[in-house]
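Numbered per the working numbering, the sequence shown spans residues 298 to 454. Input: a single structure, listed below in structure tokens.
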Amino acid sequence: MSDLPKSNWPKSNRPKSTRPPEPFDARHPLIVFDGVCVLCSGFVRVVVRLDRQSRFRFATAQSPFGQALFSKHGLRTDSYETNLVLVDGVAFTRLDSFVAVMSELGWPWRAARVLLLLPRPLRDWLYDRIAKNRYALFGRKDSCEVPSAEMRERFLG
């Protein structure tokens with residue numbers, strides 16, 4: 298390897314970055330979700346409605362940005378059985394991602410923290426049961442939904 302800083306390397310010789318393909322403001326919580334899942338998309342619509350300060354940003358797991366984030370956090374990119382939520386640089390998955398989102402929305406939604414009283418193996422088991430059956434229970438779209446014009450500015454990737 299060269300002792301030159303990466304910015305001085307010729308473009309063809311620069312190492313490939315594992316960072317997400319576009320920057321995002323970490324001050325805004327981010328939800329990366331399965332864009333073809335009716336349950337997941339419905340959850341995003343609920344968050345948009347409850348997020349009066351428009352703090353949350355969104356990305357589909359199927360987008361290059363979402364896939365880069367899933368990879369970065371050690372999640373599968375061929376099956377999206379969890380949401381990835383980033384709050385203040387901390388990653389949450391499974392039921393903990395739901396609790397993190399609800400906590401950010403304030404009272405009374407913050408009461409979802411009571412779910413953290415369940416032992417992690419039980420929380421993960423409950424979440425996994427729903428995640429593995431979400432298409433059968435709630436349906437699946439043929440493609441990711443196109444966000445409305447007002448929501449487009451909150452979508453990344």
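Beta carbons are placed, not taken as given, at the ideal position from N, Cα and C, and that holds for glycine.
Determine the burial state of residue 364: buried for a count of at least 16 other Cβ atoms within 10 Å of its Cβ, exposed for fewer.
-> Translated into positions along the sequence shown, residue 364 becomes position 67. By the 10 Å Cβ count, residue 364 comes out buried.
For residue 380, the nearest candidate out of 333, 337, 426 and 399 (CA to CA) = If you number the sequence shown from 1, residue 380 lands on position 83. Checked all of 333, 337, 426 and 399; the closest Cα to residue 380 is 337.
Compute the Euclidean distance between the alpha carbons of residue 361 and residue 376, then round it to the nearest angstrom.
-> Looking up residue 361 in the sequence shown gives position 64. Looking up residue 376 in the sequence shown gives position 79. Looking at the backbone, the Cα of residue 361 and that of residue 376 are separated by about 14 Å.
Can you list, in chain order, the residues of its chain whose CB lies under 6 Å from that of residue 435, leaving out five sequence neighbours each side?
-> Counted from its first residue, the sequence shown places residue 435 at position 138. 335 and 336.
Taking Cβ to Cβ, would you say residue 341 is nearer than 8 Å to residue 330?
-> By 1-based counting over the sequence shown, the position of residue 341 is 44. By 1-based counting over the sequence shown, the position of residue 330 is 33. Result yes, Cβ atoms of residue 341 and residue 330 sit closer than 8 Å.
If you pair each beta-carbon of the region 393-407 with each one of the region 347-354, do three or more pairs fall below 8 Å?
-> With the rule of 3 Cβ pairs closer than 8 Å, the region 393-407 counts as touching the region 347-354.
So, residue 358 versus residue 382, is the Cβ gap smaller than 8 Å?
-> Numbered from 1 along the sequence shown, position 61 holds the residue referred to as residue 358. Numbered from 1 along the sequence shown, position 85 holds the residue referred to as residue 382. When the beta-carbon positions are compared, residue 358 and residue 382 stay at least 8 Å from each other.
Rounded C-alpha distance that separates residue 419 from residue 411 = Working through the sequence shown from its first residue, we reach residue 419 at position 122. Working through the sequence shown from its first residue, we reach residue 411 at position 114. Straight-line Cα distance between these residues: approximately 14 Å.
Let me know if residue 371 comes out buried or exposed under the rule of 16 or more other beta-carbons within 10 Å of its beta-carbon.
-> As a working note, residue 371 is residue 74 in the sequence shown. When all chains shown are included, residue 371 counts as exposed.
Where residue 353 and residue 408 are concerned, what is the direct C-alpha to C-alpha distance, given to the nearest angstrom?
-> By 1-based counting over the sequence shown, the position of residue 353 is 56. By 1-based counting over the sequence shown, the position of residue 408 is 111. Those two C-alpha atoms are separated by around 19 Å.
Looking only at DSSP bridge pairs, what is residue 452 linked to?
-> Within the sequence shown, the letter at position 155 stands for residue 452. Answer is 355, bridged to residue 452.
Assigned secondary structure, residue 333 (DSSP; H/G/I helix, E/B strand, else coil) | Counting from 1 along the sequence shown, the entry for residue 333 is found at position 36. Per DSSP, reduced to three states, the secondary structure at residue 333 is coil, with no helix or strand assignment.
Taking residue 327 as the reference, give the member of 384, 373, 450 and 378 with the closest Cα.
-> For this step, residue 327 is matched to residue 30 along the sequence shown. When 384, 373, 450 and 378 are compared, the shortest CA-CA separation from residue 327 is found for 384.
Residue environment, residue 393, which counts as buried when at least 16 other CB atoms sit within 10 Å = Within the sequence shown, numbered from 1, the residue matching residue 393 stands at position 96. It counts as buried.
In chain order, what residues of the same chain have a beta carbon less than 7 Å from the beta carbon of residue 389, not counting five sequence neighbours either side?
-> For the purposes of this step, residue 389 is taken as the residue at position 92 of the sequence shown. Counting only residues of its own chain and dropping the five nearest sequence neighbours on each side, residue 389 has a CB closer than 7 Å to the CB of 382 and 397.
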